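Down below is the structure, laid out as structure tokens.
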Amino acid sequence: MFLINCPYCGERDQSEFSAGGEAHIVRPKQPTELSDDQWAEFLFMRKNIKGVQFERWNHAHGCRKWFNMVRDTSNDKIHAVYKMGEKPPIK
Amino acid sequence: MSKNLRITNNKFIDQTTKISFKFDGKTLYGFKGDTLASALLANNIHLVGRSFKYHRPRGIMACGSEEPNAIVQVGNDASITEPNTRATEIELYEGLEASSQNCWPSVNFDIGAVNNFFSPLIPAAFYYKTFMWPANFWKLYEYFIRKSAGLGKSPTEPDKDIYDHRYLHCDVLVVGGGISGIMAAKVAAKSNLNTVLIDDKNNLGGTTLFQKNECFKINSFYSNDWLRKEIETLNSLKNLTIKTRTSLAAYHSYNYLLARENLTDHLDLNEKRDKIRQRLWKIRAKKVIIATGAMERPLIFSNNDRPGIMLSSSIKKYIDYYGVKCGQKISLFTNNDSAYETAISLNNSGVIVNSVIDIRNKTNSLIVKQAEKLGIKIYWKSSVVNTSGYKKINSIEFMKLSDDATTVIGKKIKEKCDCLGISGGWTPRVHLFTQSGGKLKFRDVDNVFLPDKSELDQISIGSCNGDFELDDVIKNSVNLTNKFLKINNNDYENLEIISSKEIDKKNIWLLPSDKPLGKTKQFLDFQNDSTANDVKLALREGFKSIEHVKRYTTTGMATDQGKLSNMHALGIIAETAGVKMGELGTTTFRPPYTPLTFGTIVGRNVGEFFDTTRKTPIHEWHVENKAEFENVGQWKRAWYYPIGNENMHEAVQRESKAARDSAGILDASTLGKIDIQGSDASEFLNRIYTNAWSKLEIGKCRYGLMLNEDGMVYDDGVTTRLSENHYLMTTTTGGAANVLSKMEDYLQTEWPELDVYLTSVTDHYGTVSICGPNSKRILTKIIPDLDLSDKEFPHMSFKNALIDNIKCRVMRISFTGEHSYEINIQSSYAKSVWEKCFEAGKEFNITPYGTETMHLLRAEKGFIIAGQDTDGTMTPVDLQMDWIINKKKYDFIGKRSLYRSDTIREDRKQLVGLLTDDPNEILEEGAQIVSETNSQPVEMLGHVTSSYYSPNLNKSIALAVVKNGKKLKGQKMFVPMKDKNISVTITDTVFLDKENKRLNA
Amino acid sequence: MKNKYSIFSLIKNAFSYHENWQRAWRDPEPKKEYDAIIIGGGGHGLATAYYLAKKHNMTNIAVVEKGWIGGGNTGRNTTIIRSNYLWDASAGLYDHALKIWEGLSQELNYNVMFSQRGVMNLAHNLQDVRDLKRRTHANRLNGIDAVYLNTEEVKKFCPIINTSPNIRYPVLGGTLQKRAGTARHDAVAWGYARGADAMGVDIIQNCEVKGIKRIGDSVEGIETTKGFIKTKKIGVVAAGHSSVIANMVDLKLPLESKPLQALVSEPVKPIIDTVVMSNAVHAYVSQSDKGELVIGAGTDAYVSYTQRGSHNVVEGTLKAILELYPIFSRMKMLRQWGGIVDICPDASPIISKTHIKGLYFNCGWGTGGFKATPGSGDLFAHTIANDDPHKLNADFNINRFVSGDLVDEHGAAAVAH
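Chains as they are written, first to last, in this note's numbering: chain W, 5 to 95; chain L, 131 to 1131; chain A, 26 to 442.
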């Protein structure tokens, strides 16, 4: 059970949060100009990294804010959290 | 109770309070403070169960959670009986009834024991090699296998007890109340850290509590006396919480731990009632100190499983703590010093110690010297090769070990005994450490796995960290704790400690025998009956990995999870395969540490608390008016309102007719309501819905369809523009939460530039919907000053109004195709508005209708229900709702997906209407649709999504999705049922009032 | 030829104290080159190798396994086998597997303990009822033996279920597939391994793939912890880690790897003799031959390769178990564990070629792969051998995520996999 440091509320139990998958997959600004392949890439294809991954979380049962997290999926260690729109603090 | 098995000078057992209990139907007596195991032993009962596979007689072996054999069924009552409970952990109470398991007719005469005779035929994993012929007989074989497997019996009635959960946050959690845990907790608490100390026993102190031996002294006190004083000082520490009878079950990441506290299991039967039985503590600790101690290992030799063969340290606890002699003439067999402590304790209590058989060549530690001084006979460099006695050990045979210790040599000596204590050294309890993700290292000198690296803020101290000598335990525990907590406590700095040190170590995982391996049975896993042979067989057959061996032989998979067997299995594998143990690694220790009752894990979340029940503000009215309810998500919705003996069909027919003929009233409060505000609200809706919103006039309502990004219909509802920058969106009942979170997601992550704020107001408003040709007349009675003319208040518009001076919003929208209004008012007033409408509508026979009638009425009009007529594979085009897609819009969620090669196919499944040839035939929802009935297999073209008998049309109607349905209008199809094919015709989806005249009727 | 397993061989070997049993499979060092290499020694991978050798005469092949065979999801699942799927493509795939299961012990001469004790899926709300009826109709027309049961029939088939109308989510009905059931998971991996080994397949354990060598658009071999091994055909069956392998060739898959948990109770005498699954309250349970209640929990929503999930999921599952079986309140959880499942957006698998020549993927089974093991192996072997899918797995290609022609068992069949 993770202890997640919500950038708005502080440390809270994992049960207050919901996970939203890989971060920094920006919705194309002009979807209609994409090929089916490119659209599928946005829609479904994921890196699904084993290791340090950037992902989205939502403090669903708290402030309802979405934020980003840097987490190592191979050991579940959370390296950082940062607000939407901010640059990742870790490369 | 056999008097001569109890000693009287014992402070831990209250020998003035006699307790009666039943074992296998026989009434016996013990004392307050006994466990079931100690009481049975005091009654000279060793044989308590039969083993899993061979049904061999088995006795009590240990004194705690590692007990593999003495597992019993507690209680006879079908609702509170509990299988597989360790007798060593059951505190004796008045009224306790326990019985042996896995034996028939009785533990003394067990038919299943015939398996032992067949044992040559049933080596490890034999079942993979047979029972394959004849092929269809596996079912029969399996029936008998299942019958003979299993241990105790499941309860057959619901549990009467209650369980509880609580959260606990602390600076330091100390797990284990032995000497090291006590010191650590004290050090932490004295440093102003909020500290919690838990222990699974009923009192603190661990094994030091009853260690009264000249060889172990602290500041010239016996170690037990010194520790008792330490325990007494704990009470004065304000920052310390002590929880006994609390067993740590699981250690998860981020220092999240689960502990089970036993609250009533030790109470007399009549005191248990109406109390919480067990509590699960959900602990979040900043720092964790593991001080869980070590377990004694058995020794692996021929017939090492007979009742009366026990762990030497357990025999010591039974005599020193419980005052119970496990036998009158006890032999001990060891590879280390700890058996000598047992020998001395027994000797001091007047029990005859036949001899100590030690595989070591000779050793001169303090404790051994003391034993020798007491005249205890020691056979050095010797090993037990066999034991006798069917239901209880009566003798052992031992021989000298060869110099290389690979064989036994010389004369066999037979020694009579009624109990054999065995000690194969100690295994640190590293279970919790590994559960938390910690990595282990191997220490060769005494063959132990020890905590190494951990990602979490934790340490292990004491014998679970590999310190087995009293002075090491004290010094290292305090030092490690100080360092870990970054404090500098010097309370224990200048202690004078006398501690016998083990000098010589020797270990043989599988002791040599004078017989060929195949002819002997050396048990590793006592409960699952797996032997050293089994492990060797697995290795011969190519099962190399420890996990393979474990699974192939079932070693370590019994209810004790291999606490006693894992190390020997590893040792034998390493030896046989010629690998170093450190390289071999261990199997994974999985939570929980000891089996955890389902009820405890679930706590109070049972029965009515299984899930939140959401009720509308008008719920009580529906209950009073005998509504039947339907679960929609967490909501209770009125389904239909039967009058008298009406069944659902009759009620729905009546309700549907009333709503169209005069007036109906529906509680629509469960629909999701989302308040949308901000200067970009219109733009936001443009992107969320498939249609356009910017030009919607203030005061007007519009139906919207929401897609997933994959182009499939997700949710729908009517949204009203309350003012320039203010909308009220409605969603489906089940979809409300998801719609809100999806919109928040887009708003916060994709379109943060939009000035929009979303608020769920579902619970804030109650919604009363009145429909039918008389709805206008009814509303006029309630809000006389509101102009309800079609010109002032047309369909798809809204008005603010007052009812009894309470503000409300009235929408003229319709899901039934009738002239209708939805009144949204603060929840607390909703019921009175409902009652008002009902009162006002009486003269028009206003009829409350439920969800079933609502579904029927909307189906007559061909309106979809997202989730019933759609299933995540339907696009708006498939629903023949092309009109709702604004093609001019640059983008909206899901738009791009509508133009993929599969989604633009013209022959996709499309929503159509269906009419049965026989108007009285009502199709089954979910039934499939085919175009011909002669071929097999037949292509399924679609299925019936909604189907009803329409009392307003006097025929059955249905909605369906059919491949290429748009083009098949008028075509005949079949709905194949088990016993017949129903002929149907594909039609338009609108069955009633195609011109929408009724909206303004 | 290996020892044939039978009661007679057991008797014979008893006389020699079981000293003479042959190895179930060899422990070979990798050759320099193989005609095909299967990455992943789970049930699906071993089955693929078995059928490549048996049906396509490809015996110069190897299975490489990072750890020990059967140690991934094969050895961690709740062993449910059924084929009552909604869509034709799924029904075809899973029933193909089920038919192989029915003769698998005899075919492999290894008792995989396929036990056709029936699988029941419960309905708890009106939409569940519609969905299950829809599925049962489709099953019937596809020749799959599922039937719809009303609440009384559910109770009759499994009397310990709490079918009271007064519980939070009453049982409104259910479906039953009698041919469905369970099997012994380890035995499936071991039986296929033994069978494949006997035909010459090299099973190489403790051999982790570190890279895939490509020349142009074709594969050339794999880099492993035991060195480079050359091959022109690579079948990846590395459930949980499919993306890790795919990333080696910069291929992105529509997958997310998530923790899935399961647990067993202590063993008790027979109390439930079928498999019961409930999607709405999320609980599924059966009883193993050893007597343990085998209970499947759900997945967590985040990606993780740790084989550990959150406690909430286990608590939620047991909550549901006690809702349906209040008599189990005093049963005890003996062991819980996690696996890593890779999940496709449509909850259906991928058994497909890729745009890289000689590289094939079999993945995305989500929480329900075990039941398909024999069929998946057979069809994947066909796909690899012929460089072309079999008609039964043609719909399970990667391209469906581009065209939109998904096999959506998610939305369509309200049933836990």
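Backbone N, C-alpha and C define an ideal beta-carbon position, used for all residues, glycine too. This one's a predicted model, so the numbers in the text were calculated from it and none came from an experiment.
Quiz prompt | Contact belief for A49 of chain A with A221 of chain A at Cβ below 8 Å, rounded distance in angstroms | solution = Here residue 49 of chain A refers to the residue found at position 24 when the third sequence is read from its first residue. Here residue 221 of chain A refers to the residue found at position 196 when the third sequence is read from its first residue. At roughly 11 Å, the Cβ-Cβ gap does not stay under 8 Å, so A49 of chain A and A221 of chain A are not in contact.
Self-check item: N-terminal and C-terminal residue of the alpha helix (DSSP H) that C967 of chain L is part of
Solution: Working through the second sequence from its first residue, we reach residue 967 of chain L at position 837. That run of the alpha helix (DSSP H) goes 957-971.
Quiz item: If you draw a straight line from the alpha carbon of K315 of chain A to that of L388 of chain L, how long is it in whole angstroms?
Solution: Mapped onto the third sequence, residue 315 of chain A falls at position 290. Mapped onto the second sequence, residue 388 of chain L falls at position 258. Taking the straight line joining both Cα atoms gives about 28 Å.
Quiz prompt | Close-in-space but distant-in-sequence residues of the same chain around G66 of chain A (CB under 6 Å, 5 per side omitted) | solution = Taking the third sequence and counting its residues from 1, one reaches residue 66 of chain A at position 41. Around G66 of chain A: V88, E90, I94.
Self-check item: Assigned exposure category for E827 of chain L - 16 Cβ within 10 Å defines buried
Solution: Mapped onto the second sequence, residue 827 of chain L falls at position 697. E827 of chain L is exposed by the Cβ-count criterion.
Quiz prompt | Pairwise C-alpha distance: Q47 of chain A and L667 of chain L | solution = Position 537 of the second sequence, counting from 1, holds the residue named residue 667 of chain L. Position 22 of the third sequence, counting from 1, holds the residue named residue 47 of chain A. So the alpha carbons of these two residues sit roughly 10 Å apart.
Quiz item: So, P437 of chain L versus L694 of chain L, is the Cβ gap smaller than 7 Å?
Solution: In the second sequence, counting from the first residue as 1, residue 437 of chain L sits at position 307. In the second sequence, counting from the first residue as 1, residue 694 of chain L sits at position 564. No.
Practice problem: Kindly indicate the opening and closing residues of the beta strand (DSSP E) around N579 of chain L. | Solution: Here residue 579 of chain L corresponds to residue number 449 of the second sequence, with the count starting at 1. The sequence shown places Phe at residue 579 of chain L, not Asn. First-last of the beta strand (DSSP E) with F579 of chain L: 578-581.
Quiz item: Is P642 of chain L near V538 of chain L, with beta carbons less than 7 Å apart?
Solution: Counting from 1 along the second sequence, the entry for residue 642 of chain L is found at position 512. Counting from 1 along the second sequence, the entry for residue 538 of chain L is found at position 408. Yes.
Quiz item: Under 9 Å Cβ-Cβ, which residues of chain L neighbour K51 of chain W?
Solution: Walking along the first sequence from the start, residue 51 of chain W turns up at place 47. The premise fails here: K51 of chain W is roughly 18 Å from chain L at the closest Cβ pair, so nothing lies under 9 Å.
Practice problem: Would you list the residues sitting across from A61 of chain A in a DSSP beta bridge? | Solution: Taking the third sequence and counting its residues from 1, one reaches residue 61 of chain A at position 36. According to DSSP, which records beta bridges pairwise, A61 of chain A is partnered with A:I86.
Exercise. Using the Cα positions of V440 of chain A and G89 of chain W, report the straight-line distance between them to the nearest angstrom.
Key: Translated into positions along the third sequence, residue 440 of chain A becomes position 415. Translated into positions along the first sequence, residue 89 of chain W becomes position 85. Low confidence applies here, because V440 of chain A scores a pLDDT of 32, under 50, leaving its location unreliable; read the following figure in that light. Going from the Cα of V440 of chain A to the Cα of G89 of chain W covers about 38 Å.
Self-check item: Endpoints, alpha helix (DSSP H) assigned at S284 of chain L
Solution: Counting from 1 along the second sequence, the entry for residue 284 of chain L is found at position 154. Unbroken run through S284 of chain L: none, as it is neither H nor E.
Quiz item: Does the distance from the CB of S553 of chain L to the CB of T684 of chain L come in under 7 Å?
Solution: Residue mapping note: residue 553 of chain L aligns to position 423 of the second sequence, counting from 1. Residue mapping note: residue 684 of chain L aligns to position 554 of the second sequence, counting from 1. S553 of chain L is not a Cβ neighbour of T684 of chain L, given a cutoff of 7 Å.
Self-check item: C-beta neighbour in chain A for K81 of chain W, strict 7 Å
Solution: Locating residue 81 of chain W in the first sequence gives position 77, where the first residue counts as 1. For K81 of chain W, the answer is no, since every Cβ of chain A falls outside 7 Å of its Cβ.
Quiz item: Which whole-angstrom value describes the C-beta separation of I240 of chain A and I247 of chain A, a residue pair presumed to lie in contact below a C-beta threshold of 8 Å?
Solution: By 1-based counting over the third sequence, the position of residue 240 of chain A is 215. By 1-based counting over the third sequence, the position of residue 247 of chain A is 222. 13 Å between Cβ atoms; not a contact.
Self-check item: Simplified DSSP state of A441 of chain A, which is helix, strand or coil
Solution: Reading the third sequence from its first residue, position 416 is the one you call residue 441 of chain A. Caution applies to A441 of chain A, whose pLDDT of 29 falls short of 50 and renders its modelled position unreliable; the value that the coordinates give is listed next. The answer is coil: DSSP assigns A441 of chain A none of H, G, I, E or B.
Practice problem: Would you give the residue range spanned by the alpha helix (DSSP H) that W215 of chain A belongs to? | Solution: To locate residue 215 of chain A, count along the third sequence from 1; it is residue 190. Element bounds for W215 of chain A: 210-223.
Quiz item: Short check: CB of R216 of chain L to CB of E197 of chain L, under 7 Å?
Solution: Walking along the second sequence from the start, residue 216 of chain L turns up at place 86. Walking along the second sequence from the start, residue 197 of chain L turns up at place 67. The Cβ atoms of R216 of chain L and E197 of chain L lie closer than 7 Å to each other.
Self-check item: Neighbouring residues, chain A, relative to Q18 of chain W (Cβ below 8 Å)
Solution: On the first sequence, residue 18 of chain W is found 14 positions in, with the first residue counted as 1. Chain A residues near Q18 of chain W: S335, N337.
Quiz item: Among the residues of its own chain, which have a CB less than 6 Å from the CB of A263 of chain A, if the five just before and after it don't count?
Solution: As a working note, residue 263 of chain A is residue 238 in the third sequence. Around A263 of chain A: I64, G65, I270.
Quiz item: Distance, Cα to Cα, Y330 of chain A vs A84 of chain W?
Solution: Working through the third sequence from its first residue, we reach residue 330 of chain A at position 305. Working through the first sequence from its first residue, we reach residue 84 of chain W at position 80. Going from the Cα of Y330 of chain A to the Cα of A84 of chain W covers about 19 Å.
Quiz item: For V575 of chain L, does the count of other Cβ atoms within 10 angstroms reach 16, so buried, or fall short, so exposed?
Solution: Taking the first residue of the second sequence as position 1, residue 575 of chain L is located at position 445. Sixteen is the threshold: since fewer than 16 other Cβ atoms of the shown chains lie within 10 Å of the Cβ of V575 of chain L, the residue is exposed.
Quiz item: Residues of chain B with a CB under 9 Å from the CB of V736 of chain L: which are they?
Solution: This model lacks chain B altogether, as its protein chains are W, L and A.
Exercise. Measure the alpha-carbon distance for L766 of chain L versus E760 of chain L and round it to whole angstroms.
Key: Position 636 of the second sequence, counted from the start, is the residue given in the question as residue 766 of chain L. Position 630 of the second sequence, counted from the start, is the residue given in the question as residue 760 of chain L. Looking at the sequence shown, residue 766 of chain L is not Leu but Lys. Looking at the two C-alpha atoms, the distance is approximately 6 Å.
Exercise. List the residues of chain L whose Cβ lies closer than 8 Å to the Cβ of W93 of chain A, in chain order.
Key: Residue mapping note: residue 93 of chain A aligns to position 68 of the third sequence, counting from 1. The contacting residues are K674, S675, E677, H678.
Quiz item: Do V144 of chain A and A208 of chain A have their C-beta atoms closer together than 7 Å?
Solution: The residue labelled residue 144 of chain A in the question sits at position 119 within the third sequence. The residue labelled residue 208 of chain A in the question sits at position 183 within the third sequence. Between V144 of chain A and A208 of chain A, the gap from beta carbon to beta carbon reaches 7 Å or more.
Exercise. At 3 residues or longer, and completely inside the region 40-86 of chain W: list those beta strand (DSSP E) runs for me, N to C.
Key: 56-62, 70-76
Quiz item: What residues of chain W sit near H295 of chain L, judged by a beta carbon separation below 8 Å?
Solution: In the second sequence, residue 295 of chain L corresponds to position 165, counting from 1. The premise fails here: H295 of chain L is roughly 12 Å from chain W at the closest Cβ pair, so nothing lies under 8 Å.
Quiz prompt | Through-space distance from V886 of chain L to S809 of chain L, alpha-carbon basis | solution = Working through the second sequence from its first residue, we reach residue 809 of chain L at position 679. Working through the second sequence from its first residue, we reach residue 886 of chain L at position 756. Each residue's Cα considered, the two are about 7 Å apart.
Quiz item: Buried or exposed: which applies to P284 of chain A, given that a residue is buried once 16 or more other Cβ atoms fall within 10 Å of its Cβ?
Solution: As a working note, residue 284 of chain A is residue 259 in the third sequence. Buried, because 16 or more other Cβ atoms sit within 10 Å of the Cβ of P284 of chain A.
Practice problem: Measuring alpha carbon to alpha carbon, tell me which of L:W556, L:V1042, L:G194, L:Q231 ends up nearest V1114 of chain L. | Solution: To locate residue 1114 of chain L, count along the second sequence from 1; it is residue 984. Measuring from the Cα of V1114 of chain L, the nearest candidate turns out to be L:V1042.
Self-check item: Unbroken stretches of the beta strand (DSSP E), 3 residues or longer, contained in the region 252-283 of chain A
Solution: 252-256, 259-261
Quiz item: Is W556 of chain L helix, strand or coil by DSSP?
Solution: Along the second sequence, read from residue 1 onward, the residue named residue 556 of chain L stands at position 426. Looking at W556 of chain L - three-state DSSP - the assignment turns out to be strand.
Practice problem: Taking only beta-carbon positions, decide if K635 of chain L is within less than 7 Å of chain A. | Solution: Indexing the second sequence from 1 puts residue 635 of chain L at position 505. By this cut-off, K635 of chain L is not an interface position.
Quiz item: So, is the C-beta of Q878 of chain L closer than 7 Å to a C-beta in chain W?
Solution: The sequence position of residue 878 of chain L within the second sequence is 748, counting from 1. Q878 of chain L counts as touching chain W.
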